[in-house]
Amino acid sequence: MRKIFGFHGGIHPPENKHQSLEHPIRDAGIPAELIIPVSQHVGAPAAPCVEIGQAVLGGDVIAEAIGVVSVPLHAPTSGSIAAIERRPVAHPSGSEALCIVIDTDGEDRWRSLEGVEDYRTADPAQLLERIRECGIAGMGGAGFPSAIKLAPRNPIETLIINGTECEPYITADDILLQERAQRIVEGAQIIAHIVQPQEILIGVEDNKPEGIEAITAAAAGTDLQVVTFPTKYPSGGEKQLIEILTGKQVPSGGLPADLGIVCQNVGTAVAVRDAILDGRPLISRVTTVTGDAVSKPGNFDVLLGTPMAHLLHLAGYDERKNRRLIMGGPMMGFSVPTPLAPVVKTTNCLLAPTESELPTPPPAQACIRCGMCAEACPASLLPQQLFWFAQGKESEKLEAHNLFDCIECGACSWVCPSHIPLVQYYRASKADIQQQRKDQAKSDYSRERFEARQARLEREEAEKDAKRAARKKAAEERAKAAATGEGEEDPIQAAIARAQAKKAAQTNEGSGESELEKLERAVVTTQKRLDTAQQKLSAAEAEGSDLVDALRTGVEKTQSKLDKAKAALAEHQANHSEAPAAAEEPPVDAAQAAIQKAMQAREADAQKSPQEKARDQLGKLEQRLAKAQQRLADGRAAGEEDKIIDALSASVDKLREKISETRAQLAETESA
Amino acid sequence: MEFITNQPLLAALIALVSLGTLFGALLGFAAVYYRTDGNPIADQINEILPQTQCGQCGYPGCRPYAEAIAEGDVINKCPPGGEATIQALADLLDVEAIPLDEEHGEEKVPSVAIIREAECIGCTKCIQACPVDAILGAAKQMHTVIASECTGCDLCVEPCPVDCIDMVPVPQAWHWALPNPVSRQTEIIASDKPREAAA
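Going down the list, the sequences are from chains A and B. Residue 1 is where the first sequence starts when you use my numbering, and the numbers rise one by one after that. Residue 673 is where the second sequence starts when you use my numbering, and the numbers rise one by one after that.
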């Protein structure tokens with residue numbers, strides 16, 4: 001006999017299990033309509049992959065898993081997709097959720113199913129994939145995708161099949177043990193093949209003698225060990241069961257897998273067996289319908305998506321007697337807003353109690369700090385302290401008192417002499433804290449992004465400034481160099497040098513040759529220019545170009561120049577005077593003047609105070625603004641596109657901004 | 673030894689001076705070595721602020737407001753944070769929690785900016801306005817908001833020349849609510865009950 005351990009706390013509420021155990025499992029049949037919520041498990045909702053009106057066969061995938069923590073959904077029978085819409089579902093919020101609605105045809109035609117021939121030789125990864133494809137999620141109540149739970153990081157020492165079912169009223173697992181013990185054992189062996197444990201335990205409370213007998217008989221000759229232990233609520237909780245069977249406590253915030261333990265419900269074991277050996281996806285489950293408001297309580301093999309009303313009708317439901325319909329048991333269950341909500345993968349029980357059976361809790365009174373809740377708590381928490389902090393919304397203290405180790409079993413509320421709905425406080429606080437964590441994570445992320453952006457803007461600004469400063473410095477240096485005449489690369493200097501060189505050459509030449517030669521050459525070159533101009537003019541006239549007039553004036557001018565040059569030559573030849581030189585002088589003078597002007601400007605610029613510079617810039621900007629405004633007005637008048645108008649007005653705005661900036665700068669320099 | 677007994681005054685003076693020098697050096701070293709950069713209070717305040725970067729407080733972002741609070745500004749200028757933030761700031765700074773200053777805006781449900789993409793002209797003004805770079809786009813190309821990065825600050829709405837940005841409330845997931853403190857509303861003692869109920 002294996003040593004049995006205990007766990008802290010726990011309670012002994014009336015079991016009320018016999019009512020639903022009088023009949024064997026009944027088939028709930030095929031209702032006219034199946035409503036299949038896309039989110040029946042923990043994790044991401046499945047994504048519908050069927051269209052309205054599409055015909056489906058039993059076992060067809062109707063919604064696909066999205067992401068890792070998710071499972072697909074299958075059509076429980078043949079029919080056609082009637083709708084994909086929001087329908088009321090069994091959820092404590094009482095809200096609606098996306099559902100796939102199937103109109104059944106009653107023929108129950110199936111697509112061909114193929115099981116794995118010999119799972120003992122199959123690759124565990126392949127079996128896990130099939131478990132996932134068959135949509136199996138934990139059937140004990142939480143609905144965690146089984147394929148993930150069966151692929152732990154650590155090697156597994158102990159596999160526990162949970163047949164405890166400690167919650168009052170519920171007998172779905174008990175009836176499975178009684179009627180489908182062989183399938184449970186097969187399922188457990190398949191799971192064992194996947195996780196390769198050293199021992200396989202089936203844990204059952206001692207209030208199920210028939211179930212224990214059946215499962216012991218089925219497990220005979222295998223390496224499964226059936227372990228029974230005294231009845232106490234909530235020994236069926238995963239962490240509590242592990243402590244009972246192994247004496248180990250799952251650390252706070254840890255997983256059973258950290259201790260080398262994996263726990264699976266008996267219902268899940270049967271579903272795994274059906275998926276692997278028959279290839280049958282999870283489309284039905286055993287659900288207990290009980291309570292004094294039903295005349296024929298019992299267990300039903302029910303298709304997922306069956307409206308609760310259909311199931312209640314089969315059990316002889318009397319709506320008048322029933323005060324509230326509960327999904328799950330009296331301890332951990334929650335009220336279902338409407339019996340139109342469907343049965344889902346985690347619906348282990350429908351409880352329809354009368355008022356005398358489960359009376360409305362009396363109004364809560366003040367906590368008297370009796371400490372009974374702390375004695376009852378199976379997680380060794382201090383419920384009265386948690387209650388205190390939850391009222392004051394003291395998140396840090398709640399976490400310090402291990403709020404997140406609360407399994408929400410309801411033992412504290414059950415023993416509370418002040419009838420305080422303690423669990424509701426913990427649920428609300430947990431949700432609050434989770435929301436806070438989410439918000440904090442989001443705000444941390446936003447801060448990071450904001451700071452990164454600030455850094456980027458600063459960097460860009462610094463780069464720009466550096467470039468601007470470098471340009472300014474270079475320009476100033478050049479200006480200084482030009483003013484002192486030292487610069488070699490300065491364009492103005494270079495131009496001056498070139499002009500001077502040219503002039504020097506000319507004067508040199510001029511001194512070398514006689515005036516007569518010069519005049520003769522002038523006549524020749526002017527003649528040449530006149531010839532080319534006339535050619536161009538005639539070509540333009542032939543083409544009928546617009547340029548004819550311009551060219552004609554050009555020709556006339558050249559002609560007059562030629563005449564002048566000829567006259568000068570004649571005059572020179574006549575009196576050998578030096579007059580013709582005057583013809584050449586004006587252009588030289590003009591160049592000289594331009595050079596001088598540029599030099600002056602440069603010098604003035606170099607000597608200018610920043611104030612004057614700013615004022616100049618302001619003048620220039622104002623000119624630009626006037627131009628831009630003109631352009632904008634023109635654009636508006638011409639009815640340009642909005643985009644262009646926007647761009648123009650943006651540029652006007654920008655110029656205005658710059659002007660105001662320059663003004664500010666000017667004011668600053670003036671005041672300085 | 674003899675010196676100490678002969679010159680007690682001088683010996684005491686030397687001892688005190690040397691001790692003073694030693695501890696002074698230690699303090700000086702500590703001041704340099706254990707120097708904290710920035711303002712730790714401002715950092716803590718910044719941790720509490722919601723990082724919406726909306727500027728409704730009048731400062732260009734949460735960090736500047738955090739620094740302003742550290743310098744003594746009031747704590748009720750943050751509408752996105754609302755009462756919860758004011759409470760947390762009051763706890764941190766050990767001051768009285770005051771109601772939100774309506775002048776800076778009201779506490780609103782968290783929202784996210786959505787660009788009506790067909791109407792976007794690609795002007796990039798919203799991109800420049802976004803404090804967390806949550807808008808993707810380029811000049812003359814359609815822009816879009818990366819919803820997971822958006823803080824809902826609505827700074828992008830105003831610059832948009834064609835008003836194609838909507839602020840859409842983010843659907844809040846349902847969760848359990850705290851029960852009503854029933855005990856404070858019901859009269860337990862029979863004689864406290866209203867007359868009709870007692871009769």
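We treat Cβ as the ideally placed atom computed from N, Cα and C, and that holds for glycine.
Interface partners of residue i on chain B, CB under 7 Å
i, result
"K643(A)", "I793"
"S93(A)", "W846"
"A431(A)", "H847, W848"
Proximity below 8 Å, CB of residue i to CB of residue j
i, j, result
"A293(A)", "K321(A)", "yes"
"M139(A)", "T231(A)", "no"
"C726(B)", "L827(B)", "yes"
"I720(B)", "L761(B)", "yes"
"E167(A)", "M331(A)", "yes"
"P297(A)", "V286(A)", "no"
"L648(A)", "L618(A)", "no"
"V89(A)", "A97(A)", "yes"
"C99(A)", "R87(A)", "yes"
"Y233(A)", "H419(A)", "no"
"T164(A)", "G211(A)", "no"
"V840(B)", "V784(B)", "yes"
"A390(A)", "L398(A)", "yes"
"T77(A)", "A32(A)", "no"
"V344(A)", "V302(A)", "no"
"F229(A)", "I244(A)", "yes"
"Q264(A)", "I156(A)", "no"
Residue i beta carbon near the ligand NAP (any heavy atom closer than 7 Å)
i, result
"N154(A)", "Within the structure as shown, the ligand NAP is missing, as the structure has no ligands at all."
Interface residues of chain A facing residue i [CB-CB closer than 7 Å]
i, result
"P803(B)", "F450, R453"
"A849(B)", "A428"
"Q723(B)", "S443, S446, R447, F450"
"G733(B)", "F450"
"P833(B)", "D646"
For residue i, the three-state DSSP class (helix, strand or coil)
i, result
"N575(A)", "helix"
"W848(B)", "coil"
"D531(A)", "helix"
"R285(A)", "strand"
"R280(A)", "coil"
"I81(A)", "strand"
"Q225(A)", "strand"
"A142(A)", "coil"
"A97(A)", "strand"
"A819(B)", "coil"
"I767(B)", "Residue identity check: residue 767(B) is Val in the sequence provided, not Ile. Of the three classes helix, strand and coil, the one that applies to V767(B) here is coil, per DSSP."
Exposed unless 16 or more other CB atoms sit within 10 angstroms - verdict on residue i
i, result
"M372(A)", "buried"
"Y119(A)", "buried"
"L688(B)", "exposed"
"D274(A)", "buried"
"P417(A)", "exposed"
"S380(A)", "exposed"
"R498(A)", "exposed"
"H310(A)", "buried"
"H682(A)", "For chain A, the structure presents residues 1 to 672; residue 682(A) sits outside this window and is missing."
"R449(A)", "buried"
"S95(A)", "exposed"
"A376(A)", "buried"
"A542(A)", "exposed"
"W848(B)", "buried"
Amino acids of chain B, ordered along the chain, whose beta-carbon sits closer than 9 Å to that of residue i
i, result
"Q424(A)", "W848, A849, L850, P851"
Beta-carbon neighbours of residue i, restricted to chain B and to distances below 8 Å
i, result
"P421(A)", "P851"
"A688(A)", "With chain A represented from 1 up to 672, any question about residue 688(A) goes unanswered, as that position is not in the structure."
Contacts that residue i makes with chain A (C-beta to C-beta distance below 9 Å)
i, result
"T823(B)", "K442, S443, S446, R449, F450"
Tell me whether the region 218 to 229 of chain A and the region 183 to 190 of chain A touch, counting them as touching only if at least three CB pairs, one residue from each stretch, are closer than 8 Å. The region 183 to 190 of chain A and the region 218 to 229 of chain A touch, with three or more beta-carbon pairs separated by less than 8 Å.
Would you say the region 555 to 567 of chain A touches the region 528 to 546 of chain A, given that touching needs at least three Cβ pairs under 8 Å? Enough Cβ pairs lie closer than 8 Å, so yes.
Would you say the region 1 to 10 of chain A touches the region 144 to 152 of chain A, given that touching needs at least three Cβ pairs under 8 Å? At 8 Å Cβ cutoff, the stretches do not touch.
Does the contact criterion of 3 or more C-beta pairs under 8 Å hold for the region 825 to 839 of chain B versus the region 414 to 424 of chain A? Cβ pair count under 8 Å is below three, so no.
So, does the region 121 to 138 of chain A touch the region 258 to 268 of chain A, judging by three or more C-beta pairs under 8 Å? Flag = yes, the region 121 to 138 of chain A and the region 258 to 268 of chain A touch.
Evaluate the contact criterion for the region 47 to 56 of chain A versus the region 185 to 203 of chain A: three or more CB pairs, one atom per stretch, below 8 Å. No, they do not touch.
Just checking, does the region 35 to 44 of chain A make contact with the region 397 to 415 of chain A on the three C-beta pairs under 8 Å criterion? Between the region 35 to 44 of chain A and the region 397 to 415 of chain A, the count of Cβ pairs shorter than 8 Å is below three; the stretches do not touch.
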